[in-house]
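For reference, the structure discussed in these notes is given below.
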Amino acid sequence: MTDNPIHLETRAHEGVKIFSPTANRNKSPIFEALNPYLPNGVKVLEIASGTGEHAHYVCTQRPDIVWQPTDPDAQSRESQNAWRAGIEAQMLSSHDLDVMRTGWAQAYLSYSALYCANMIHIAPLEALIGLIAGAKEILSKGQILALYGPFLEGDKTAASNLEFDKTLSSKNPDWGVRDLTVVKHMFADAGFNVKTRIEMPRENRLLIFENVS
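Its first residue numbered 25, the sequence shown is counted upward by one per residue in our numbering.
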């Protein structure tokens, strides 16, 4: 992605390890919602892993899981690798992955689930297009992609998400909270149905897309 992801929070640092207050607050609710959809022994590819705290938390809760963190941002990858300490067999060394690169999915065909949190609203629409195209290549029928973040939902859109959308657009016209209906249609065109829509804290959503084709 051409622009580095942003965050609207103050983060602490311990060497290269980064601590996100948002990730710390959300990691448990996200895991509780996501966990039932992760089969035993699943290999998860995470797109845009940020600080690495979500990956670390899931691995500590599920010792059967192998988790591949990625990010196009070098500082984020360093933080993810710092969070691997003690769980290196589960939480793999971070990869430089940009879903807008042609053919990126070919290196990840052995993975059986994808997870992406708080990425599509701070990236061009082409990143969402690339994510969906890659998921289509990687995932077999019945396997899932979990997508977490804020969404526009017509008249039901939270005021905080409308304001967040304005803030993002003012920073970069290619950014913005995505319309849930549009996102669902884009996945449907690629053969993915919404298996579950879960309401999360702070007006976020966790969407479980299943490959049905």
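Beta carbons are placed, not taken as given, at the ideal position from N, Cα and C, and that holds for glycine.
Residue from the options with nearest C-alpha to residue i
| i | options | result |
| --- | --- | --- |
| S136 | A170, I146, I144 and W128 | A170 |
| L230 | I168, M210 and K190 | I168 |
| I222 | G154, G215 and F233 | F233 |
| M124 | M143, H37 and A151 | A151 |
| E38 | A159, S73, Q99 and S134 | Q99 |
| L163 | S73, G110, K41 and N235 | N235 |
| I153 | V68, K208 and G110 | K208 |
| M210 | A157, S237 and F175 | A157 |
| S237 | K160, E187 and A182 | K160 |
| P225 | A47, P96, S134 and T34 | A47 |
| N185 | I111, W107 and H145 | H145 |
| L58 | I71, T75 and V82 | V82 |
| I42 | E102, W91 and A131 | E102 |
| R202 | L149, W107 and G166 | L149 |
Residue i in three-state terms, based on DSSP
| i | result |
| --- | --- |
| L69 | strand |
| G39 | coil |
| L58 | helix |
| T26 | In this prediction, T26 scores a pLDDT of 40, lower than 50, which makes its location untrustworthy; the coordinate-derived value is nonetheless stated afterwards. It is coil, neither helix nor strand. |
| T34 | coil |
| S100 | helix |
| P53 | helix |
| P63 | coil |
| A109 | coil |
| V123 | coil |
Identified DSSP bridge partners for residue i
| i | result |
| --- | --- |
| W91 | V68 and M115 |
| Y139 | E70 and A170 |
| N235 | F216 |
Jot down the residue ranges of each uninterrupted beta strand (DSSP E) in the stretch 143-230, minimum 3 residues, whole runs only, in chain order.
168-173 and 216-224
Determine, using beta-carbon pairs with one atom in the stretch 193-202 and one in the stretch 213-222, whether at least three such pairs fall under 8 Å.
no
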